[in-house]
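Right, one structure below, let's go through it.
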Amino acid sequence: MNENKGIFDKIENMNVRIIYILIIICIAIPIIRPVGLPIQISESTMSVYDFIEKLPEGSVVLVGFETGAAGWPELGPQLNIFMQHIFDKNLKPIIVSGNVDGAQLAEMYTIPQMNKPGKVYGKDWVNLGYIAGGESGIAAFASSITSITPRDYFNTPVENLEMMKDIKSAADFKLAIVCSWGTPGHSDYLRQYTTNFGVPLIVGAQTTTVPGLVPYYQSKQVVGYTSGLRGAGEYEVLTHHPGYAVASLDAASSYHLVVFVLIVIGNLAMVAKRFTTKKEVT
Amino acid sequence: MAEAILIPGKTVSLIVFLVIMVSIYLTMRNASKGKVPTIRTLPAYNAITEAVGRAVELGKPAHYTTGTHSFVGQTAGGSAALTAGLSLLAYISDICLSKGATLIASCPYPEVMTIESEILRSSYLKAGMEEEYSEVEHLRYVPIVSSCAPFAAGVAGWLEREKPATNFLLGPFFFESLIIAEAGYHAGCFQVAGTTSAGYSAFFVACCDYVLIGEELYAAAALATNDPIQAGSLRGSDVNRAWIIALILIGVVVTLLGMKPALMSLLSI
Amino acid sequence: MSFLRSRYINVAIIFTSAFLMIFTYFFKVQVLSDAATLVQKTVSLFAAFTLVLGAMNLTLIAYRQVQKKAPTAPFSVLAIVVMLMMIITGLIPPLMNSPQFNWMYNNIQAPTDSTMYAMMVFFVASACFRAFRARSKEALVMLVIGSFIIFTYAPIGAIIWPGLPVIGSWIEKYPMTGASRGFSIGVALGGLGIGLRIMLGREKAITGE
Amino acid sequence: MWGILGNWINAILTIAIISFAVPGENIFYRIAEYIMIGVTAGYAVVQGIRVVLNLGISPMMGGQAYMLLPILLGLLVYTRFSKQYGYLSRWPIALMVGSGIGVSIRAIPEVDIMNQIKASFLPIVGVNWDVAVSNIILLIALLSTLFYFFMTVEQKGALRQISVVGRYSLMILFGAYWGSQLMTRSTMFIGRMSFLIKDFLFPLLGLG
């Protein structure tokens, strides 16, 4: 009996480094050799796609790159595929960020990857850079764009940008998309753009924020949302641009499986230990 | 003279805003005049004394942290939770001193550290043990600038080395919540935790013995400080919760009777 | 000059600015709306000033550590050196757009920042293994629901059993939405209460003594 | 040349931070950590300077002389390092807090309360039985969670029973939050591993 207990104890107190190595391996293998597990399209992603598909050509779309480099692996794929879809549909995106380095990420990791034949900066898209001041700054941007971003990311005065001639406030946006890893996040966008100016909102969420977001989707305040890398993968499939997200989801799957197995082992060890100790007492 | 025009579609929202603000203001005023509402029993709050007792029994220190929030550049909610956490620090420190346990606090920002140091010092002063307080011994300063990871790693490492008897995690938390709570669990600490965010409460429920969920943290702070204003504000929230519940029930019944469109248009003025 | 120190000035500033924002949301008065925009613009400017505070704190910490000859002093000095490199490359025209600055961002800031965050992958796994135990009925509910959600997000769930994501989505759509809504209504009420307390100067940590 | 060097630095820093997990705390992790602290702080400084230039200094030079006042007030933020004049730093902070609270609480009644209430008027007759049951479950979870957070009423009798249901509803929410954590956390790490394997290791080994 004691031997058994010893084993369970050992399992329960396994060195964490073993778990860590296991994780590195289980994530690395599918990256080297992806299997390509099929992805089901969820309803919320579908509603995002449908909404963007129905927007008339030339509509102005606000895209909030509300992330830093740390959130990029999860939000970047979503932003990239949204932007690609926007360019494909000939919509006109305005990039902004309430995060110090969001606009930079857009310029470095998103724009160069886009397939956008014939599109010209300033005419077909603009990057207005960083909005300081959190929700207050967003409120100011919504009521008057030039009050808070007099110059764009490249320090060109906004009046000189052709696309911005008729765009003065959030009332001119046909859609707002936000991908956020904290504040400002979807709630700030809901309060400042949606309720105040009636701009429909699409959220590219971190999976962790989805439980807090679903009530707003169910109440139709949010048009649709995609959740994390999974959402990006679904969207890549929908728009026929399979890329990074689709390829990386296998690694996510294997990680989830390994963690689930770990949880089961941990719990079994706990139950078994309790069982053996009980027997000893009686 | 410019004319003030109510923006169309905002009538109901203005009424709701005023109802909530006025009711909270009234309950706060009532409370400050002496009609302090009683706050319900919170098992986690009562567990604080038990937790300190355990530290005395084992002759080991108790550890306390509010997480990696500061007052600058945070949301109002984060600041409020931090204030609640700091009120509880004062309360816990008083109990520790009266029972003879050592309390050690960890914090990541200089401005929060100054406040925590003041709280601990005045607690020692109240107990008449001013000489025994030393900022170096009772406050661990783990500096960070943006990411919570260094703080979490620092505190987790300390917990595993020192194995304190009790671990308090009360305040607004980010992701450090999981790392610290898990390290505490593994070090065998009796853990009392509380935070206002749903996402991070989940970690606490899994790893800690007692948890203050959401507004329970504010309630615990109100109990700890005996501040009538805070208790009054909680009462105000409850009053509004009551009409919200009633309105939901009415809405469901109206929907059942097939008159939902009428109610919806009434609520959308 | 002692009246300048009084917290009533802070409370007056907070109350007036908050009231302006709230009023212009419900009522349309052009003068006040313009004033609100000006205030918001000023706030943006102030926020930009606070962005420098982190660097100042860092310098202060490094200075103290060097003075005390603390073991971490060399690291802090390194942090200051890197910080200065970042600032100098950033100021090379075009402002924040020079190739040097972009290089620093792409090869130093982005990888360190995101890897630091990515480390959580290990901690989550070890926490799941070591601490997520069905020790009580509540923890059991959490574990079971969590497992369904895990396999709703990971594509492998549908391969193990097609019902897994179906159940997971149902949980997300109904019971979880209800609970989440209840929680967020509570948070909203709490937020309004805190807002009122701050506006009235009852939150001393914010308005000062 | 700079591109290759950059890639190497990128990879070395990434590995240095990962080395905190395996084999454990070490000097390379420490160095990478402080480099991160330095660059993030530096980036914020540059961004701050840029906003002050764009929003403050250039309008002021361009004729809006009144912008001098916000700039001077903004500088008061730095008095916090002084014992004597530290209180002055509370003024700009007060404006930030006030404006922030104002813009956030003004919309809360609509976004987080009324619209959420309206979305809860769910049909329980005249729909398929499964939808009806699901809607009832949603309402039970919603109402019991609301009841759970009654703080100034002693929870006895029926209220206690409802609260217990509320607590289990919260556990469902927490379970969902916890389950969703894995996806986010793994994604972050996958991003770094993809870089290490596909953009660093493969080219180094001459693989596609």
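Residue numbers (numbering that gives the first Met the number 0), protein chains in the order written: chain W, 0 to 281; chain U, 0 to 268; chain E, 0 to 208; chain L, 0 to 207. Even for Gly, the Cβ is constructed at its ideal location relative to N, Cα and C.
query	result
Thinking C-beta only, is glutamate 56 of chain U closer than 8 Å to alanine 126 of chain E?	no
Can you check whether the C-beta of proline 36 of chain U is within less than 8 Å of a C-beta belonging to chain L?	yes
Please report the residue range of the beta strand (DSSP E) in which glutamate 65 of chain W lies.	59-65
Buried or exposed: where does alanine 245 of chain U fall if 16 or more other Cβ atoms within 10 Å of its Cβ makes it buried?	exposed
Report buried or exposed for valine 34 of chain W, applying the criterion of at least 16 other Cβ atoms within 10 angstroms of its Cβ.	exposed
Residues in the same chain with beta-carbon distance under 7 Å from leucine 160 of chain W, minus the five sequence neighbours each way, listed in chain order, please.	Gly121, Val125, Asp151
Let me confirm a value: isoleucine 16 of chain L is counted as buried when at least 16 other C-beta atoms fall within 10 Å, else exposed. Which label applies?	buried
Please state whether DSSP places lysine 203 of chain E in a helix, a strand or coil.	helix
What distance in whole Å lies between the Cβ atoms of glutamate 131 of chain U and serine 123 of chain U, which are believed to be in contact at a cut-off of 8 Å?	Residue identity differs from the one stated: residue 123 of chain U is tyrosine in this sequence, not serine. Between glutamate 131 of chain U and tyrosine 123 of chain U the Cβ distance is about 6 Å, and since that is below 8 Å, they are a contact.
Which residue's Cα is closest to the Cα of aspartate 187 of chain W: L:Met170, L:Thr13, L:Gly165, L:Asp111?	L:Asp111
Any idea what DSSP makes of glycine 128 of chain W, helix, strand or coil?	strand
What does leucine 71 of chain L pair with, by DSSP beta-bridge criteria?	DSSP lists no partner for leucine 71 of chain L.
Would you mind sorting glycine 23 of chain L into buried or exposed? The rule is 16 or more other CB atoms within 10 Å of its CB.	exposed
If you follow the alpha helix (DSSP H) that proline 214 of chain W is part of, which residue opens it and which one closes it?	209-217
Which stretch, first to last residue, makes up the beta strand (DSSP E) that contains alanine 104 of chain U?	102-106
Could you give the first and the last residue of the continuous alpha helix (DSSP H) run that contains phenylalanine 201 of chain L?	201-204
Going along chain W, which residues have a C-beta under 9 Å from leucine 158 of chain E?	Inspection of the sequence shows that residue 158 of chain E is occupied by isoleucine rather than by leucine. Result: Leu36, Pro37, Ser252.
Which same chain residues, not among the five before or five after tryptophan 71 of chain W, have their C-beta less than 8 Å away from its C-beta?	Leu104, Tyr108
Quick one: which residues of the region 195-212 of chain U get their C-beta closer than 7 Å to a C-beta of chain W? List them in chain order.	Ala197, Gly198
Comparing the C-beta of methionine 113 of chain L with each C-beta of chain E, is any distance below 8 Å?	no
Of all Cβ atoms in chain E, is any one closer than 8 Å to the Cβ of glycine 211 of chain W?	yes
Cβ of proline 108 of chain L within 8 Å of Cβ of isoleucine 19 of chain U?	yes
Just to confirm, are leucine 54 of chain W and glycine 203 of chain W a CB contact at a threshold of 8 Å?	no
Tell me whether proline 199 of chain W is buried or exposed, calling it buried when 16 or more other Cβ atoms sit within 10 Å of its Cβ.	buried
Within the region 36-90 of chain L, note down every full alpha helix (DSSP H) run reaching 4 residues or more, in order along the chain.	57-60, 67-74
To the nearest angstrom, how far is the alpha carbon of glutamate 235 of chain W from that of serine 43 of chain W?	14 Å
Return the chain-ordered ranges of every beta strand (DSSP E) run that is complete within the region 175-254 of chain U and spans a minimum of 3 residues.	189-194, 209-212
Give me the chain W residues within the contact set of valine 120 of chain E, using Cβ-Cβ distance strictly less than 7 Å, ordered along the chain.	Ile22
For lysine 162 of chain U, which residues from the same chain have a beta carbon less than 6 Å from its beta carbon, with the 5 sequence-adjacent residues on both sides left out?	Ala186
List the endpoints of the continuous alpha helix (DSSP H) containing proline 72 of chain W.	71-87
Determine the closest residue to valine 51 of chain L out of W:Asn154, W:Val62, W:Cys25, W:Phe86, with distance taken between C-alpha atoms.	W:Asn154
Suppose you measure from the CA of asparagine 105 of chain E to the CA of serine 96 of chain W; what does that come to, to the nearest Å?	18 Å
Examine chain L for any beta-carbon lying closer than 8 Å to the beta-carbon of methionine 112 of chain U, and answer yes or no.	no
For proline 300 of chain U, collect the residues of the same chain with a Cβ closer than 6 Å to its Cβ; drop the 5 residues on either side in sequence, then sort them by chain order.	A query on residue 300 of chain U cannot be resolved here, the shown segment of chain U reaching from 0 to 268 and no further.
Short of 7 Å Cβ to Cβ, which residues in the region 173-188 of chain E face chain W?	Met175, Thr176, Ser179, Arg180, Ser183
Looking only at its chain, what residues have a beta carbon closer than 7 Å to the beta carbon of leucine 67 of chain L, apart from the 5 residues adjacent to it on each side?	Met59
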